[in-house]
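Below is one structure, written out as structure tokens; comments come after it.
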Amino acid sequence: MATDVSSCPLTQRQLIDEYFIEHRTKVLDIAAFLDRMDRASARDGEDDFRFVAFRETLQELCSGVPGRIERVQMILSDQTTEPLAELDRKAAYGASIQRVPEQEEVRDGVH
Amino acid sequence: MEYIDLHAHMVSRTTDDYERMALSGCLALTEPAFWAGYDRRSVDVFADYFDRLTDFEPKRAALYGIQHYTWLCLNPKEGEDRELTQQVLDIIPEFLDKPNVLGIGEIGLNRVTRNELATFQDHVDLAVAHDQLIHIHTPHLEDKYKGTKTIVDALVADGRVQPGRVMVDHAEEHTLPMILERGFWTGITLYPTTKTSPGRAVDMVERYGSERICVASACDWGPSDPLAVPRFILEMRRRGHGEEFIRKIVLENPAAFLGQSPKFQLPHARAASVVG
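Order-wise, the sequence lines are chains A and B.
Per my numbering, the first sequence starts with residue 1, numbered consecutively.
Per my numbering, the second sequence starts with residue 112, numbered consecutively.
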């Protein structure tokens, strides 16, 4: 496609030196979120389509196979192909409700 | 480093933001027509909005030496209303000759409904009839893949539109290849939570190269950053990329795409080496 496609110029050691701390923080945030879900006052979201998809993405992170970002994106995507007959809502939820059809509508999406 | 922000909704930003963008090297920006956060009730509101995009905003930008350009449309969020769509389509030609109007945009899809698709196709018809460049919004989050595929397939099947005159914006890892493979330009929008981080944007240019790829802030009334392009530049330098490679993505590429409109010019001599 293009002539200037390259791998990352930095070595693995350089990437670790430069980026480990900020990604360590992100991993801790996810761990804390999962613990917070366990401590929630009601366990009413285990089957929420967003949390189901979220847990599935975590499996992908441990796959060891390149292409994790595309696979995570697709887990979080509506993969149907037909246009909707009419507008159901304006906002996006971040994960596809189509994956769990019986899910009730949720409160807020993103513009 | 001097740059062009190809996607910035400045009606939602303060004059201080224009100043900060100028201080950080912004030479020009383009502002697609978009959703105000609520549905507008009449065509008159759109006429006022288009007046602002073609008169007030370029004057405000010029105070800081920034060249302001715009794209006109009824945006995908309001595209379900076919009656209003037709009314807005009827007034857009009145504005197409304004000196800062580059084309039709940001058209596209939101939830990927039949009406949205019809509205999108109406705008494509308008762009073709008036020989305009096209700027395309692809949907958010879980709707992005389906919406991008629907848009790209529709344009290719249509056959009237030259892909090199279309910017398919808001690309992410799972949509960027399908856009580039069909010959379109694409944009990566740097948005704090719902689109792409500077780090992921750099990953994409490392993987797919710099041909027909631009980056933009897409700053608007939501959580967004008018200095997102300088943050991308900083991240490119952090990764060890050279100045020439960075300059191609943030200045030369948007200038090449936008320069297909005879109206597009960068301010004075600074642009001499970019736009011939």
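Don't be surprised by glycine CBs; every beta carbon is placed ideally from N, CA and C.
Counting only Cβ pairs nearer than 9 Å, list the residues of chain A close to residue i.
i: B:LYS209; result: None at all; the shortest Cβ gap to chain A is about 28 Å.
i: B:ARG358; result: Going along chain A, no residue has its Cβ under 9 Å from B:ARG358, so there is no contact; the nearest lies around 13 Å.
i: B:LEU174; result: Under the 9 Å cutoff, chain A gives no residues; its nearest Cβ is about 29 Å from B:LEU174.
Quick one: list the residues of chain B neighbouring residue i, beta-carbon separation under 9 Å, in chain order.
i: A:THR81; result: LYS257, LYS260 and THR261
i: A:ALA92; result: ASN221, ARG222, PRO250, HIS251, LEU252, GLU253, ASP254, LYS255 and THR305
i: A:ARG89; result: ARG222
List the residues of chain B whose Cβ lies closer than 8 Å to the Cβ of residue i, in chain order.
i: A:SER63; result: Here the premise fails: no neighbours, minimum Cβ distance about 15 Å.
i: A:SER114; result: Beyond the ends of chain A as shown, which are 1 and 111, falls residue 114 of chain A; an answer cannot be given.
i: A:LEU76; result: LEU252 and GLU253
i: A:LEU84; result: ARG222, VAL223, THR224 and ARG225
Taking residue i as the query, report the chain A residues whose CB atoms sit under 7 Å from its CB, ordered along the chain.
i: B:GLY351; result: PRO9 and LEU10
i: B:GLU191; result: LEU87
Can you find a CB in chain B that lies within less than 8 Å of the CB of residue i?
i: A:GLY45; result: no
i: A:GLN59; result: no
i: A:ALA31; result: no
i: A:GLU56; result: no
i: A:LEU28; result: no
i: A:PRO101; result: For A:PRO101, the predicted model reports a pLDDT of 49, less than 50, meaning its position is unreliable and no value from the coordinates is stated.
i: A:ALA2; result: No answer about A:ALA2 holds up, because its pLDDT of 44 lies below 50 and its placement is not dependable.
Determine the extent of the beta strand (DSSP E) in which residue i is found, giving its start and end residues.
i: B:PRO143; result: 137-143
i: B:TYR256; result: Taken as a continuous stretch (DSSP letters only), B:TYR256 belongs to no beta strand (DSSP E), being part of the alpha helix (DSSP H) at 255-269.
i: B:TYR180; result: 178-183
i: A:HIS23; result: Not the beta strand (DSSP E): A:HIS23 falls in the alpha helix (DSSP H), residues 12-39.
i: B:VAL316; result: That residue, B:VAL316, is in no beta strand (DSSP E); its alpha helix (DSSP H) goes 309-319.
i: B:ILE115; result: 114-116
For chain A, check one thing: does any of its Cβ atoms lie closer than 8 Å to the Cβ of residue i?
i: B:PRO169; result: no
i: B:LEU266; result: no
i: B:LYS188; result: yes
i: B:ARG342; result: no
i: B:ARG124; result: no
Would you kindly report the start and end of the unbroken alpha helix (DSSP H) that includes residue i?
i: B:GLU217; result: From DSSP, B:GLU217 is part of no alpha helix (DSSP H) but of the beta strand (DSSP E) over 212-219.
i: B:ILE357; result: 354-358
i: B:LYS170; result: 168-173
i: B:HIS234; result: 225-240
i: B:LEU345; result: 339-349
i: B:ASN364; result: 364-369
i: B:ALA158; result: 154-162
i: B:GLU130; result: 126-134
i: A:ARG68; result: 68-75
i: A:GLU141; result: Chain A is shown from 1 up to 111; residue 141 of chain A falls before or after that span and cannot be answered.
i: B:ARG193; result: 193-202
Cβ closer than 7 Å: which chain B residues qualify as neighbours of residue i?
i: A:ILE16; result: Those do not exist, as A:ILE16 stays about 14 Å from chain B at its closest Cβ, beyond 7 Å.
i: A:ILE69; result: GLU284
What does residue i pair with, by DSSP beta-bridge criteria?
i: B:HIS246; result: B:MET278
i: B:TRP296; result: B:MET278
i: B:VAL326; result: B:ILE299
i: A:LEU84; result: B:THR224
i: B:ALA119; result: B:CYS330
Against residue i, what residues of chain A qualify as contacts under a CB-to-CB distance less than 8 Å, listed in chain order?
i: B:GLU194; result: Those do not exist, as B:GLU194 stays about 14 Å from chain A at its closest Cβ, beyond 8 Å.
Item to check | Cβ-based contacts, 7 Å cut-off: residues of the segment 283-303 of chain B near chain A | outcome: Flagged, chain order: GLU283, GLU284, HIS285 and LEU291.
Checklist entry - Along the segment 225-241 of chain B, what residues have a CB closer than 9 Å to any CB found in chain A? => result Result list: ARG225, ASN226, GLU227 and LEU228.
Checklist entry - Closer than 7 Å, Cβ to any Cβ of chain A: which residues of the segment 308-321 of chain B, in chain order? => result For the segment 308-321 of chain B, residues whose beta-carbon sits nearer than 7 Å to a beta-carbon of chain A comprise GLU317, ARG318, TYR319, GLY320 and SER321.
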